[in-house]
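Read through the structure below, which is laid out as structure tokens, and then see the notes.
Protein chains in written order, with the working numbering: chain A, 2 to 81; chain B, 2 to 81.
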């Protein structure tokens, strides 16, 4: 399946070094292969979500970082 | 000044309902006006950062949400 992924700072922790994610329907413990921009990571489902239409997976911050999607959350602003 | 903004899930909490952010040099307590994509919010500096070259401000998640930049962190993926 393909769709939108976001990441969330309050993800449940996995084992040390384990990448985790939230999925609406896959059983807990399932390892998903998530690909973005030519990179693929494996992450273990340990939470439910995302609950926003069109999003198919929520990655923990370490998983999002491993996938290289963190910089997508960076935008240009002006500060006064 | 203009530059890149990111947001961070572990921002220090402000008073209830107060938007907060991290800046490298502005004094703690300073209220910044941050503009993105035609929207402007005010957020109070209560932390130091960001420490990545080219980024000028780190917003707490509520501040990033108010500014409308959360969806910028959403990317298209495939899941197997």
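Where is the CB? At the ideal position from N, CA and C, for every residue including glycine.
Item to check | C-alpha distance - residue 28 of chain A paired with residue 73 of chain B, whole-angstrom precision | outcome: As a first step, residue 28 of chain A is located in the first chain; it is residue number 27 there, counting from the start. As a first step, residue 73 of chain B is located in the second chain; it is residue number 72 there, counting from the start. Their Cα atoms are separated by approximately 29 Å.
Checklist entry - Is the region 17-34 of chain B touching the region 57-69 of chain A, taking contact as three or more C-beta pairs under 8 Å? => result The region 17-34 of chain B, when compared against the region 57-69 of chain A, does not touch it at the 8 Å Cβ threshold.
Next on the checklist: In the DSSP assignment, the beta strand (DSSP E) including residue 76 of chain B goes from what residue to what residue?
Outcome noted: Walking along the second chain from the start, residue 76 of chain B turns up at place 75. 76-80 is the span of the beta strand (DSSP E), which, as asked, contains residue 76 of chain B.
Next on the checklist: Pairs of beta-carbons, one from the region 40-47 of chain B and one from the region 9-19 of chain B, closer than 8 Å: are there three or more?
Outcome noted: Under the 8 Å Cβ criterion, the region 40-47 of chain B counts as touching the region 9-19 of chain B, having at least three qualifying pairs.
Next on the checklist: Judging by CA-CA distance, which residue of A:30, A:59 and A:81 is the nearest neighbour of residue 36 of chain A?
Outcome noted: Walking along the first chain from the start, residue 36 of chain A turns up at place 35. Minimum Cα-Cα distance from residue 36 of chain A among the listed residues A:30, A:59 and A:81 corresponds to A:59.
Item to check | Closest residue to residue 78 of chain B among A:62, A:52 and A:42 (Cα-Cα distance) | outcome: For the purposes of this step, residue 78 of chain B is taken as residue 77 along the second chain, with counting starting at 1. Checked all of A:62, A:52 and A:42; the closest Cα to residue 78 of chain B is A:42.
Next on the checklist: Taking 6 Å as the limit between beta carbons, can you name the residues of its chain near residue 65 of chain A, skipping five residues before and five after?
Outcome noted: To locate residue 65 of chain A, count along the first chain from 1; it is residue 64. Cβ neighbours of residue 65 of chain A beyond the five flanking positions: 8 and 71.
Checklist entry - Which chain B residues are close to residue 81 of chain A, counting only those with a beta carbon under 9 Å from its beta carbon? => result The residue labelled residue 81 of chain A in the question sits at position 80 within the first chain. Ordered by position in chain B, the residues that pass the 9 Å Cβ test against residue 81 of chain A are 2, 33, 34, 35, 36 and 41.
Item to check | Unbroken alpha helix (DSSP H) run spanning residue 62 of chain B, endpoints | outcome: For the purposes of this step, residue 62 of chain B is taken as the residue at position 61 of the second chain. Start and end: 62-68.
Checklist entry - Excluding sequence positions up to five away, which residues of its chain have a Cβ less than 6 Å from the Cβ of residue 56 of chain B? => result In the second chain, residue 56 of chain B corresponds to position 55, counting from 1. Counting only Cβ-Cβ distances below 6 Å, and skipping sequence neighbours, we find 5 and 7.
Checklist entry - Quick one: which chain A residues come within Cβ less than 9 Å of residue 30 of chain B? => result For the purposes of this step, residue 30 of chain B is identified with residue 29 of the second chain, where counting begins at 1. Correct list: empty, because the minimum Cβ distance to chain A is about 16 Å.
Item to check | Closest by C-alpha distance to residue 54 of chain A, when choosing among B:54, B:75 and B:61 | outcome: Within the first chain, the letter at position 53 stands for residue 54 of chain A. It is B:75.
Next on the checklist: So for residue 6 of chain A, helix, strand or coil by DSSP?
Outcome noted: Here residue 6 of chain A refers to the residue found at position 5 of the first chain. Reduced to three states, the DSSP call for residue 6 of chain A is strand.
Checklist entry - Which residues does DSSP pair with residue 33 of chain A in a beta bridge? => result Taking the first residue of the first chain as 1, we reach residue 33 of chain A at position 32. Partner(s): A:44.
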